[in-house]
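Protein chains in written order, with my numbering: chain A, 4 to 425; chain B, 27 to 437.
Note that beta-carbon positions come from the ideal geometry of N, C-alpha and C, so glycine has one too.
See below for the structure under consideration.
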Amino acid sequence: MGLETLNPLMSLVWNFTAAIARIAWWASIALLATALCLEGVARLLGQKPQSIAAGLSATVPDGYAGWQLRPNVTTGVDWAATNSRGLHDRRELQLKPDPGVFRVAVQGSSVTYGPGLYLKDTLPMQLENLLNQRGHSAEVLNFGVHGYNLLNVLGQSVAYTLQHEPHAVVLVLDLQVSYPVEPTMIHRKPVEPAGVKQLSVIDSWLKRWSESSVLLTWLDFPMGLRRPVDALGLRLNSVQGGKFESLGSPKANAGQSSTVTVADTKGLLKDETPLSQRPQVRSRRLRSLLAAVLAAYRESGIGIVVVPPFGPYYAEVDENLARFSLQMIANYSEEYGGLRQALVGELGRITNDIQQVGRRYGAVVLNLDSVNRQMTLGTSDLVSPDGIHPTPAGYRFLAGQIADSLSGLPRPARQASQDRLE
Amino acid sequence: MPVRWLLIGRLAQVVSVTLALLFATGLAAESLLRICGLWPLDPAQVHSDIVPDSYSGWRMRPDVHAAREQEITNNFGFHDQREYANKPAPNLERVIVQGSSVVYGLKCGLSETLPRQLERALLKAKSNPVEVLNFGVQGYSLLNAVGQTSAYALAFQPTAAVIVLDIQMCYPEEPIPVPRPEPDARGVKRLDPTEAWLRRSAKHSVLLSIVAAPGQLQLRLKRLLPLALKQEKAGKIPSAPVNELGTPNDSAKTPPGIKKSRTGTVGNPAAAMARSRRLRSVLGALLAAYSESGVAVLVVTPFGPYYQVTDEVLARFTLHHVTPFIPEYGGFRQAVHGELARIRVDVETVVQEYGAVLVDMTPENLKLTADAPPYFLKDGVHPSPSGYSYLASRIVPVLVEAMNRERQKGN
């Protein structure tokens, strides 16, 4: 068959392709015009494109602490703001404290960070205000990072917090922080730390371009449509009452366990610890890492206050308890014979471990047991409905307790050996 | 129209034939190179021999089954051919040895490394079985070791841990306190797509290996052929890993301020105090973590011929960590001795505080010369096989005693 015989067929193909191209061209023009109009209307209605830093993950990978907060998030909303050091603060801070300033570092998870709250309502800021009211020239730094546990806190302490030369450190050990994970050593691909995930090319493209367009912002984050739709008097969906979804921690860590259960292809990592010995194993891990954090600070002559878990974990009704963000405890229901029993048992174990190790390393450990035993969601407004994150009133209560302890900190044992060196 | 199509057809023909010829030539060259005894590079040679880690900064690249023993790592990235379970077998005591390339065993066969020599000596000294794991990672300081301990080492449930402190280990760095989108791991860089593809493919082809790492060809040809391509410099030390990781290498060769000390005393107590505080904090964290887990810990102080050598020899040692303190002490020798003394006091204090056991190598250091006995490589930092043997003989009696004591405490 010669090429000449293909001519009619070829011209048909050419004509068809040209028609398709014409349609595609005009459709693109129409789509672009519509999108431009929509973008213009959205902007006239006061909508703004999202900030790339807030639109991406709230955390970035780190080589020592697992991950840290994304720095330089300067969006309008208080609860996403971070400074250039990645601290949840709008103020820029010097590495070393100014002379005469009493610097306190508060470390922990999102409980320290204060998700969904104005900066003035977070624990560090309320503590700073309280200390200043009491006549100290205090500067309290918020080292809280979503999803942190003690393993992250230890890395953060030795790599970064010590460099800021705080005079005192407050460790807020909520339930999540008290279960340091054991990462697997076997990895053939780079491990994504909890709360940090690699975006696909399309996802990352969309995120980056959404910074310049309201429409793309809505495409990337459809919930952003809620506000303009509500403003128009329409309702897409009612906001769930009691659902307290933090920026990263509970969701990011769902499915994580404090014990090594990641089955390797060779079966090297299988956890064969008998059920009855598992609390001891967890205690050993908690004590080891807590001791390491406290030792690092003690050796630098820094005073330490430890805040044990704070929440309505004893008197709360079963229905509310089941709604709390207590995935880490749910893993141990089998050991204790139920969620409530597991919660009470684990709380007792954790509090005991914290008190013993804290005492050994010269830390002040707050006693929140009686408050925890009396508190319920119905009778107290100190904790939000997720059972983990305190409310502004809860933070105020904790700030008061911490401020009292800071004034009575014993002289750190480390000072003696420093004197010896001098 | 027909001419255009004919031209396109001819062009396609030429391209296909050229590609086929190129492919055939490549295959022939690949076969020839393999017949000549050249093989594709190991991953550790093509890539970096370390990989980033989220808690310890970096660690050894796992699963390197290289021809050269010096590069071998197992599934976990230990410098070892054996694979281990997370939990030691019943009645098997496990000892882990942590440190930098000094523990890893640069330029040593596997059987000559410190952990393996310790294992042999322990098996002779103890009645029950024992295994020793090599947790040494190139370029480590105590900061990395704390992350390694809390994230990984404790999970291996050791009976005892031996922390080998060379001079590099005693300067835990302070990472830049500003979060960056890229993970911070010195010596690990992100490759562009072409480079990454080339390096990955190099595992399967000698030709691509040569393109990816041309320096390796010279090394391999030198080994293969009797002809010397280039005279090897006498006294040229294989660069310590820390140097490969980007720290200025030349600072150790030509310390800028080598001069006789007038006073020999510390010139800046505040700066020395700050270094002491950092060392004590990080070492304290490490020892506390083990202490709470009931693990017996031995800490070995820096071991090296730093006293009975001439200034010239000392200047050739890889001691660039001390170089910045020359102005404080008035000379390189004084800085080395001053810092060694400070480190010893700090380590001893913290070791006592946390109930660990100290293996102080200062008495040996005071007597050692650069090559008599020949305990060290020319860099003055990494022991030779006989140096490791001596170190093992110093550690074993103390370690056995510490392990027995810890067992009695447990009972």
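Separation of residue j from residue i, as counted between CA atoms
i: A295 (chain A); j: L312 (chain B); result: 6 Å
i: F224 (chain A); j: L218 (chain A); result: 10 Å
i: L53 (chain B); j: V77 (chain B); result: 32 Å
i: E168 (chain A); j: A298 (chain B); result: 16 Å
i: L118 (chain B); j: E157 (chain B); result: 7 Å
i: V323 (chain B); j: S231 (chain B); result: 46 Å
i: F182 (chain B); j: Q50 (chain A); result: 54 Å
i: L233 (chain B); j: A55 (chain B); result: 8 Å
i: A179 (chain B); j: I122 (chain B); result: 8 Å
i: G381 (chain B); j: E432 (chain B); result: 11 Å
i: R30 (chain B); j: V237 (chain B); result: 39 Å
i: I352 (chain B); j: S127 (chain B); result: 25 Å
i: L144 (chain A); j: D92 (chain A); result: 8 Å
i: P118 (chain A); j: R94 (chain B); result: 52 Å
i: L24 (chain A); j: T187 (chain A); result: Note that residue 24 (chain A) is Ala in the sequence shown here, rather than Leu. The straight-line gap from Cα to Cα measures roughly 53 Å.
Bridge partners - residue i, DSSP secondary structure assignment
i: P64 (chain A); result: A:W70
i: N145 (chain A); result: A:V109
i: E157 (chain B); result: B:R120
i: L174 (chain A); result: A:Q110, A:V309
i: I26 (chain A); result: Partner(s): none; I26 (chain A) has no beta bridge.
i: F402 (chain B); result: B:P409
i: L153 (chain A); result: In DSSP, L153 (chain A) forms no bridge with anything.
i: P393 (chain A); result: A:V386
i: V385 (chain B); result: B:V326
i: V367 (chain A); result: A:V308
Own chain, CB closer than 8 Å to residue i, minus 5 neighbours either side, in chain order
i: P52 (chain A); result: S213, E214, S215, S216, V217, L219, T220
i: M86 (chain B); result: D75, I76, V77, T99, G103, F104, H105, Y130, V163, Q164
i: P312 (chain A); result: L176, D177, L178, S181, L350, I353, T354, L371, N375
i: S87 (chain A); result: P74, N75, E95
i: P88 (chain B); result: V77, T99, N100, N101, F102, G103
i: N391 (chain B); result: P328, F329, G330, P331, Y332, Y333, L366
i: G436 (chain B); result: G320
i: E42 (chain A); result: S216, V217, L218
Element boundaries [alpha helix (DSSP H), containing residue i]
i: R120 (chain B); result: Here R120 (chain B) belongs to no alpha helix (DSSP H); instead the beta strand (DSSP E) covers 119-124.
i: L342 (chain A); result: 342-363
i: M429 (chain B); result: 411-436
i: W223 (chain B); result: 219-227
i: Q311 (chain B); result: First, the residue type needs correcting, since residue 311 (chain B) is Ala and not Gln in the sequence shown. It spans 295-318 - the alpha helix (DSSP H) in which A311 (chain B) sits, taken as one unbroken run.
i: A179 (chain B); result: Counting along the chain, A179 (chain B) falls outside any alpha helix (DSSP H), and DSSP gives it neither H nor E.
i: I352 (chain B); result: 352-355
i: V128 (chain B); result: 127-130
i: H363 (chain B); result: 358-379
i: V142 (chain B); result: It is worth fixing the name first, because residue 142 (chain B) is Arg in this sequence and not Val. Here the alpha helix (DSSP H) through R142 (chain B) covers 140-151.
i: Q129 (chain A); result: 126-136
i: L202 (chain A); result: Taken as a continuous stretch (DSSP letters only), L202 (chain A) belongs to no alpha helix (DSSP H), as it is neither H nor E.
Chain-order list of residues whose beta-carbon lies under 6 Å from that of residue i (same chain, five-residue window excluded)
i: L271 (chain A); result: Reliability of the predicted coordinates at L271 (chain A) is poor, the pLDDT of 44 falling under 50, and the value obtained from them is presented with this limitation in mind. So the list is empty, once near-sequence residues are dropped.
i: H170 (chain A); result: F105, R106
i: S260 (chain A); result: Per-residue confidence for S260 (chain A) stands at a pLDDT of 27, beneath the threshold of 50, marking its modelled position as unreliable; the derived number appears in the next sentence. Closer than 6 Å at Cβ, skipping near neighbours: N334.
i: Q448 (chain B); result: Only positions 27 to 437 of chain B appear in the structure, and residue 448 (chain B) is not among them; the question remains open.
Cβ neighbours of residue i in the same chain (closer than 7 Å, five flanking residues each side left out)
i: Q129 (chain A); result: Y398, R399, A402
i: I32 (chain A); result: none
i: D384 (chain A); result: T394, A396
i: Y151 (chain A); result: G111, S112, V180
i: A314 (chain B); result: Y380
i: I421 (chain B); result: L144, V188, L324, V326, V385
Residue interval of the beta strand (DSSP E) (run including residue i)
i: D79 (chain B); result: 76-79
i: R85 (chain B); result: 83-86
i: I189 (chain B); result: 186-190
i: L324 (chain B); result: 322-326
Supposed contact pair residue j and residue i - C-beta distance, whole angstroms, cut 8 Å
i: R155 (chain A); j: V148 (chain A); result: It is worth fixing the name first, because residue 155 (chain A) is Asn in this sequence and not Arg. Contact flag correct, Cβ pair sits at about 7 Å.
i: L217 (chain B); j: C196 (chain B); result: Actually they are not in contact, since the Cβ atoms of L217 (chain B) and C196 (chain B) sit about 33 Å apart, beyond 8 Å.
i: V325 (chain B); j: I189 (chain B); result: 5 Å
i: A108 (chain A); j: S307 (chain B); result: With 8 Å as the limit, A108 (chain A) and S307 (chain B) do not qualify as a contact, their Cβ atoms being about 14 Å apart.
i: G406 (chain B); j: L345 (chain B); result: 7 Å
i: V426 (chain B); j: K152 (chain B); result: 6 Å
i: V114 (chain A); j: I391 (chain A); result: 6 Å
i: Y401 (chain B); j: G158 (chain A); result: Their Cβ separation, rounded to whole angstroms, is 35 Å, which puts Y401 (chain B) and G158 (chain A) out of contact at 8 Å.
i: V424 (chain B); j: V383 (chain B); result: 6 Å
For the stretch 175-187 of chain B, which residues have a beta carbon sitting closer than 7 Å to at least one beta carbon of chain C? Judged by its chain identifiers, the structure shown contains no chain C, and its protein chains are A and B.
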